[in-house]
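The structure appears right after this line, and notes come after that.
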Amino acid sequence: MHGDAADENVLQKANIAHARSIVIFSDDSIKDSQLSDGKSLLIATAIERLAGDLHITVEIQVEKHIELFRHVSVDEFIISDEMISRMAAQSVLAKGVTKIYSQLMSRQLGDDLYQIPAAARWNTYRDAFYDLLENGATLISDGDALDINRRLDEKIAPDSTLYIVCNKDTYEKIRRND
Numbered sequence: 001m002h003g004d005a006a007d008e009n010v011l012q013k014a015n016i017a018h019a020r021s022i023v024i025f026s027d028d029s030i031k032d033s034q035l036s037d038g039k040s041l042l043i044a045t046a047i048e049r050l051a052g053d054l055h056i057t058v059e060i061q062v063e064k065h066i067e068l069f070r071h072v073s074v075d076e077f078i079i080s081d082e083m084i085s086r087m088a089a090q091s092v093l094a095k096g097v098t099k100i101y102s103q104l105m106s107r108q109l110g111d112d113l114y115q116i117p118a119a120a121r122w123n124t125y126r127d128a129f130y131d132l133l134e135n136g137a138t139l140i141s142d143g144d145a146l147d148i149n150r151r152l153d154e155k156i157a158p159d160s161t162l163y164i165v166c167n168k169d170t171y172e173k174i175r176r177n178d
C-alpha cells in the first residue's frame, strides 16, 4: 500500500480495522533521527486512533525517544541504531557473535527463534527445559524474561509464552506433541 501512513484514508484502504498487529519502520529517507522518530510517532497515533486495541511495534532511531510515545499504546520498540552499534561493539569483543545475531534474526541461517505455549505436562521451567532439550530445542525465555536458567524450579503459569531456539522440523514436532 502506497501513500501517507498517517492518513486516515490510506489506513482504511490498508484495512487497518481488521489488523491484529502492525510494525512501523523508520523512514530511511529521513536522515534526522528526531524527524524520523517524529514521523513514526505520528503514524502510531493515527493507527491507534483508527484501530484501537492493536499490537503496535515501532522501529525508532534513538532510545530516549521511547518516552515521547508514552501517550500512544505502543507494545514494543526496535531501536535500530542501538542494535547495530551493540552488534558492532560485541563483534570486537567476541569474534563470531554477529553470526549468532544474524542467525536469530534470519529464517535462512541455521536454527530460529520460535514461540510456544506452555505444555500442560510441564509444572516447572525445569520440566519444560529438559523436555524441550530432549526434543532438540533450547528454552531461552518466558516472554521477555531471559533468566529461565536461574528460575528452573519455579512453576510455569498456564498462559506463559515460551521462546525456544531450534530448527523448523523440531519446532513442528514440538507443536504436534502439545
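Its first residue numbered 1, the sequence shown is counted upward by one per residue in UniProt numbering.
All residues carry an ideal CB built from backbone N, CA and C; glycine is no exception.
Exposure of residue i, with buried meaning 16 or more beta-carbon neighbours within 10 Å
| i | result |
| --- | --- |
| L139 | buried |
| H65 | buried |
| D32 | exposed |
| residue 192 | In the structure as shown, the chain starts at 1 and stops at 178, and residue 192 therefore has no counterpart that could be examined. |
| L146 | exposed |
| Q61 | buried |
Selection from the options that minimises the alpha carbon distance to residue i
| i | options | result |
| --- | --- | --- |
| A46 | N9, Y114, I66 and S26 | N9 |
| S29 | I22, L54, S40 and K168 | S40 |
| A119 | E63, D159 and S26 | D159 |
| Y163 | D153, R176, N177 and L132 | L132 |
| N177 | D111, D144 and E134 | E134 |
Backbone CA spacing between residue i and residue j [nearest angstrom]
| i | j | result |
| --- | --- | --- |
| L50 | A17 | 7 Å |
| E172 | D75 | 28 Å |
| G96 | Q115 | 25 Å |
| L129 | A157 | It should be noted that the sequence gives Phe, not Leu, for residue 129. Spanning the two alpha carbons is a distance of roughly 14 Å. |
| C166 | G136 | 7 Å |
| S36 | K13 | 24 Å |
| F69 | R20 | 20 Å |
| G3 | L11 | 9 Å |
| K155 | D27 | 43 Å |
| V72 | D142 | 25 Å |
| D169 | I148 | 24 Å |
| N15 | L42 | 18 Å |
| F77 | I22 | 12 Å |
| Q34 | E48 | 21 Å |
| R175 | G38 | 41 Å |
| L113 | N123 | 23 Å |
| R150 | D111 | 24 Å |
| H55 | D144 | 16 Å |
Whole-number beta carbon distance between residue j and residue i, since they are thought to touch under 8 Å
| i | j | result |
| --- | --- | --- |
| I24 | A6 | That pair is no contact at about 10 Å. |
| T161 | P117 | 7 Å |
| S80 | E59 | 5 Å |
| L152 | R121 | About 16 Å separates the two Cβ atoms, so there is no contact after all. |
>> Just to confirm the assignment: which complete beta strand (DSSP E) runs, minimum length 3, are found wholly within the UniProt domain "RCK N-terminal" (1 to 79)?
In response: Taken in chain order, the complete beta strand (DSSP E) segments of 3 residues or longer contained in the UniProt domain "RCK N-terminal" (1 to 79) are 21 to 24, 55 to 60 and 76 to 79.
> Which parts of the region 126 to 165 are runs of the beta strand (DSSP E), unbroken and 3 residues or longer, counting only runs that do not cross its ends?
Replying inline: For the region 126 to 165, whole beta strand (DSSP E) runs of length 3 or above, ordered along the chain, are 138 to 142.
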